[in-house]
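The sequence shown begins at 351 in the working numbering and counts up by one. Cβ atoms here follow ideal geometry from the backbone N, Cα and C, with glycine treated the same way. Since the structure comes first, as structure tokens, the remarks are kept for the end.
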Amino acid sequence: MKGINHTGEILYREYLDIVRDLKKYLERKMNGSSSDNLSLLEKLYREVKNCQRCSLYKTRTNLVFGEGNPDALVMFVGEAPGKEEDLQGRPFVGAAGKLLRKAIRTVGISEKQIYIANILKCRPPKNRDPQPEEIIACLPYLKKQIKIVKPKIICTLGKFSTQNILNTTTGITHLRGKSFTGNGGEIIIPTYHPAACIYRPPWREQLIADLKKVKMEMDKILSGV
Ligand code: SF4
């Protein structure tokens with residue numbers, strides 16, 4: 351009898367272990383854990399890395415997919431890789447990127463909290479503006495990145511990013527300084543592209559002001575307000 355009780359106890363403990371593991375697994379699935387998002391982003395990267403959907407594949411050195419926290423609260427969306435980004439295969443690492451990253455740190459946002467990507471994943475020759483057919487070809491990749499990361503805030507950088515995310519033709523000078531709500535309930539905060547701020551110093555202050563708004567929204571979300 352004692353032996354049966356002992357065996358029953360062991361089976362009961364094993365049962366509890368299984369229930370606990372199952373609970374953890376379901377929690378991870380429901381929260382969309384970092385490892386899940388990371389593997390989804392890696393899978394998407396494998397799909398994109400040899401992309402030839404538009405002619406920009408012919409002139410790229412490296413595809414610039416995007417980088418950052420797969421569970422980021424905030425996603426920054428720029429226009430397209432520049433020369434340095436094309437060489438390194440990383441977004442926002444040239445002069446404009448340095449200005450942006452410094453501004454992000456200045457307002458107290460940690461780079462560990464963010465994800466950065468562009469509308470186009472390949473550099474347009476001589477940094478020319480993205481062409482409509484290139485945006486049409488590439489935008490679905492960004493939309494998939496947004497769907498995976500599920501940021502609560504999207505900060506759009508410059509005209510092309512803002513107009514395509516908000517689906518509008520209104521100019522950036524009329525859109526920045528305001529907040530919008532995306533289809534998934536995310537807060538969209540447009541601001542100037544950091545490259546434009548290099549040549550227009552007054553815009554740097556407005557960039558900082560917009561990033562402060564991003565930080566304020568992050569704080570609100572993190573404190574549950
Ligand atoms: S810009 Fe986008 S659509 Fe065009 S080749 Fe690069 S990844 Fe593909």
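Item, Value
"Gly447 in three-state terms, based on DSSP", "helix"
"Chain-order list of residues whose beta-carbon lies under 6 Å from that of Ile537 (same chain, five-residue window excluded)", "Ile503, Ser529 and Glu567"
"Heavy atom of the ligand SF4 within 8 Å of Val457 beta-carbon", "no"
"Bounding residues of the alpha helix (DSSP H) (the contiguous stretch that carries Glu546)", "The question names Glu, yet the displayed sequence has Ala at residue 546. Start and end: Pro544 to Tyr549."
"Closest residue to Gly444 among Asp479, His543 and Leu492 (Cα-Cα distance)", "His543"
"Check: Val427 C-beta below 8 Å from any heavy atom of the ligand SF4", "no"
"Ala467: CB within 8 Å of a non-hydrogen atom of the ligand SF4", "no"
"Glu397 versus His524 - alpha carbon distance", "36 Å"
"Identity of the residues DSSP links to Gly418 by a beta bridge", "Tyr465"
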